[in-house]
Every structure is written in structure tokens, then in C-alpha cells.
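Trainee: 191 is the number that the numbering used here gives to position 187 of the sequence shown; each next residue is one higher, with no gaps. The structure is given below, and queries will be raised subsequently.
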Amino acid sequence: MEQQASPQQWVRDQISGLQAGVESVEIDRDAQKKRIKDLLQARDAVLVAHYYTDPEIQALAEETGGCVSDSLEMARFGRDHPASTLVVAGVKFMGETAKILSPDKRVLMPTLEATCSLDIGCPADEFSDFCDQHPDRTVVVYANTSAAVKARADWVVTSSIALKVVDYLDSQGEKILWAPDKHLGSYVQRETGADVLLWDGACIVHDEFKAQGLRDLMAVYPDAAVLVHPESPASVVELADVVGSTTQIINAARDLENRQFIVATDQGIFYKLQQLVPDKEFLIAPTAGNGASCRSCANCPWMAMNALDNLAEALDRGLNEVFVDPGLADKAMMPLDRMLDFARKNL
Ligand code: 13P
Ligand code: SF4
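Here you go:
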């Protein structure tokens with residue numbers, strides 16, 4: 005009769021089975037990365053990734069001469085790079101922006117389902133009606149919008165440049181209609197003193213950061229600098245040492261002398277933060293209120309849809325190509341060009 009394994013042996017067998025599974029998953033991932041690298045070359049393609057994507061995708065972009073950056077730099081890099089295909093790992097508006105700025109290039113995405121709550125919360129027809137009701141205002145929209153919304157705008161801005169553009173427009177005596185992010189818009193309004201009329205949109209990731217939780221964490225880490233993306237609520241922004249775009253947050257972590265940082269933005273940024281300053285400590289800002297039993301994970305669900313397998317498939321089979329209606333693209337190009345021109349002169 006076959007002897008039964010002891011409980012201890014059974015546990016050891018289970019663990020070694022699991023380890024074998026982990027190793028084979030790792031081999032698969034390595035094979036997938038190699039496949040993506042080969043495909044990028046074979047298809048004359050370059051990978052343009054956002055800081056919030058999976059660290060493996062960010063690493064691939066770096067290792068293959070692509071770019072990992074904020075949404076402003078993604079737009080610039082894609083436009084200026086000579087590759088005939090841009091693979092944009094991020095969310096839909098980033099793919100659309102790349103296509104508008106490079107109409108002759110093929111733009112692919114790992115998935116076309118990756119959208120953004122700001123984009124969803126600002127439908128073009130309702131937004132156009134809102135603009136029609138306020139013809140005296142200069143229309144400034146955040147990059148996190150559809151091509152149709154950009155086509156209705158005078159200016160597009162990203163979080164890197166929003167303050168400077170609105171400050172400039174205010175100095176010209178212009179009144180602003182701002183969409184869609186109410187938190188970024190009210191931050192810009194407070195900082196510049198401009199007359200800003202706000203659309204009511206929010207980012208579902210940054211909207212979750214909680215001021216009280218942040219104050220509690222600051223009490224535990226009194227020497228930590230607090231770095232906050234301006235899509236966060238005003239009560240959180242108020243507690244920040246530095247408020248800025250993803251790139252501005254990374255630069256602050258590099259340049260400030262603090263050894264610890266509390267960071268209020270998507271956790272994907274920790275890959276770059278740890279790579280640049282490995283000897284510093286980073287803590288995610290709290291997303292749960294007092295006594296709350298559940299908390300969000302500070303991870304954009306749409307950014308997380310970019311993975312190695314759908315990236316490889318998109319490249320291999322030319323899937324998920326981004327198309328923008330040429331009429332809309334022409335109109336959206338004007339405010340986008342304004343932003344890039346302004347960035348060239350002022351950033
Ligand atoms: P950045 O322009 O700072 O990269 O932000 C884009 C974004 O979607 C933030 O949630
Ligand atoms: Fe949109 Fe927020 Fe995700 Fe950025 S983090 S892409 S603003 S939902």
C-alpha cells in the first residue's frame with residue numbers, strides 16, 4: 005500500500021510546487037519581454053509609457069530607448085521620435101494625443117479600454133453646451149479629455165504647465181472656463197487668483213486621498229516631506245510641501261534633502277522614485293478616513309490594464325490602433341500646439 009505523506013512533507017511538496025510555478029511564470033515573463041523587445045525593433049516602433057504603468061512596462065520602455073514620463077513629455081517625445089509606430093502604454097487620451105500630434109504615425113495601445121474618470125466625466129456635447137453658455141471665457145482643458153473636448157478648447161494643459169498657462173492668461177485679462185478636474189482647477193484658481201469657472205469632474209484615484217489620514221501619518225513621520233499631485237482634494241493639497249505633476253513630484257524627491265516622503269499620487273510612480281533615489285523612503289498617502297474599514301489602493305484601474313501580454317499582442321498583430329477623426333484632430337491640434345509651444349518657451 006502506498007504510504008501517505010506526512011503533513012510536513014505535504015506542506016514541503018506544496019511549497020516546492022508553488023516555487024516551480026513562480027519560476028515558470030518568471031520564465032514566461034522574461035520570454036514575453038524578449039518578444040516585445042524584438043517586436044519593437046521589427047515593427048520600427050517605440051514604447052512611450054506613463055509613470056503609473058506597471059514597473060515592468062516602464063523598465064521595458066527605458067531599456068528599449070523609449071520614454072517613461074508624465075503626460076506632457078509623452079506627447080512631446082512621441083511627436084519628435086522618428087519611429088513610424090508609437091506604442092502608448094497609458095490611457096486613451098494619451099494615445100489620442102499622440103495620434104493628433106503625429107497623424108502620419110501608427111499609434112497602438114495595449115488596450116483601447118483604458119480610459120480615465122476625467123475623460124468619462126466630460127462628455128463633448130455637454131461640455132460644448134457649457135462653453136456656449138460662457139462665450140466670454142477662454143476655454144482651458146486638461147489633457148485628460150477626449151479629442152472632441154480638446155477640439156472645443158482654446159488651450160490644452162497638463163498638470164506640469166497648468167499654473168503657468170493660467171497665470172499668463174490672467175495677466176492678459178482673460179477669464180477662464182476650466183475642465184474637467186475641479187481639484188486641479190481650484191488649485192490653479194487659488195494659486196493664480198484668476199477668474200476660473202470650473203467643470204465638476206474628478207480623478208477617482210486622487211480624490212480618495214484623505215487629509216485626516218495624512219495628518220496622522222505626518223505626525224508619525226514628522227521629517228517626511230509631503231508631495232501631492234494637484235488632482236487631490238484641496239484639504240490634502242493644503243498639507244503639501246510640494247504640489248506638482250508626476251515629473252515635478254519625482255524632481256522634488258530627488259532635490260529635497262528629506263530622507264522620507266509621503267506621496268499622494270498613483271503608486272506606479274514608486275518605481276521611478278526608488279530607481280532615482282534608492283536610499284530614500286517613500287510612503288503612500290492614506291486613502292482611508294478615520295475608522296474606515298476599506299481603502300482604495302491608489303492605483304489607477306485603467307493604467308493597470310496595460311500588461312506585458314496585451315502589449316506584445318498589440319505590437320505583433322497591429323491591434324488597438326488609435327484613430328482620431330481628421331476633422332476633430334485638426335481642431336484639437338491648435339490648442340495642443342499652443343501648449344507645446346508655450347512649454348518650449350516657458351518650462
Ligand atoms: P501627469 O501629467 O502629472 O503625468 O498626470 C497625468 C494623470 O493622469 C494624473 O492622474
Ligand atoms: Fe485619469 Fe486619475 Fe487614472 Fe490619471 S489616475 S488616468 S486622472 S483616472
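Ideal Cβ placement from N, Cα and C applies to all residues, glycine included. Just so we're clear, the structure is a prediction, and the values are computed from it rather than from any experiment.
Consider the C-beta atom of W203 and the heavy atoms of the ligand SF4; say whether any pair is separated by less than 8 Å.
Mentor: no
Trainee: Look at the Cβ atom of A256, then the Cβ atom of D245, and state whether they are nearer than 9 Å.
Mentor: yes
Trainee: Closest to I104 by C-alpha separation, out of T57, P339, S236, would be which residue?
Mentor: P339
Trainee: With a Cβ-Cβ cutoff of 9 Å, do V170 and V144 count as a contact?
Mentor: Contact flag set, yes.
Trainee: Please report the distance separating the alpha-carbon of I208 from that of V247.
Mentor: It is roughly 18 Å from the alpha-carbon of I208 to the alpha-carbon of V247.
Trainee: Quick check on DSSP: helix, strand or coil for C205?
Mentor: Before going further, note that residue 205 is Gly rather than Cys in the sequence given. Strand, per DSSP.
Trainee: Mind checking G197: buried by the 16 CB within 10 Å criterion, or exposed?
Mentor: exposed
Trainee: May I ask you to check if the CB of T170 is nearer than 8 Å to at least one heavy atom of the ligand 13P?
Mentor: Note that residue 170 corresponds to Val in the displayed sequence, not to Thr. Every heavy atom of the ligand 13P is 8 Å or more from the Cβ of V170, so no.
Trainee: With a CB to CB cut of under 7 Å and the five nearest residues on each side skipped, what residues in its chain are close to L202?
Mentor: W182, K186, G189, S190
Trainee: Under 8 Å: does the beta carbon of V95 sit that close to some heavy atom of the ligand 13P?
Mentor: yes
Trainee: Please go through the same chain and pick out, in chain order, the residues whose beta-carbon is closer than 7 Å to the beta-carbon of V15, but skip the five residues on each side of it.
Mentor: Note that V15 has pLDDT 45, beneath the 50 cutoff, so the model's placement of it is unreliable and the number below is only indicative. Closer than 7 Å at the Cβ level, and outside the excluded window around V15, lies no residue.
Trainee: What number of angstroms, rounded off, separates the C-alpha of S73 from the C-alpha of Q278?
Mentor: 15 Å
Trainee: According to DSSP, what are the bridge partners of T142?
Mentor: I180
Trainee: Are the CB atoms of Q264 and E242 within a distance shorter than 9 Å?
Mentor: no
Trainee: Between I165, K38, P107, which lies nearest to F346 when the distance is taken from Cα to Cα?
Mentor: The alpha carbon of F346 has as its nearest neighbour, out of I165, K38, P107, the alpha carbon of I165.
Trainee: Should C126 be listed as close to the ligand 13P, given that the test is whether its C-beta is under 8 Å from any heavy atom?
Mentor: no
Trainee: Taking its Cβ as the centre, do 16 or more other Cβ atoms sit within 10 Å of W324, making it buried, or is it exposed?
Mentor: The sequence shown places Asn at residue 324, rather than the Trp named in the question. It counts as buried.
Trainee: Helix, strand or coil for H54, going by three-state DSSP, please let me know.
Mentor: strand
Trainee: Give the C-beta separation of Y225 and L280 to the nearest angstrom, bearing in mind that I take them to be a contact with Cβ-Cβ under 8 Å.
Mentor: Going by Cβ atoms, the distance from Y225 to L280 rounds to 20 Å, so no, they are not a contact pair.
Trainee: Could you check whether S236 and A289 sit closer than 9 Å to each other, using their CB atoms as the reference points?
Mentor: A contact, by the Cβ cut-off of 9 Å.
Trainee: Starting from the Cα of L44, find the closest Cα among M113, E117, Y56 and give me that residue.
Mentor: M113
Trainee: Locate the beta strand (DSSP E) running through R110, then write down its first and last residues.
Mentor: 110 to 112
Trainee: May I ask you to check if the CB of H233 is nearer than 8 Å to at least one heavy atom of the ligand 13P?
Mentor: At least one heavy atom of the ligand 13P is nearer than 8 Å to the Cβ of H233, so yes.
Trainee: Using CA atoms only, rank isn't needed, just tell me which of A49, D140, T101 is closest to S88.
Mentor: Ranking A49, D140, T101 by Cα distance to S88 puts A49 first.
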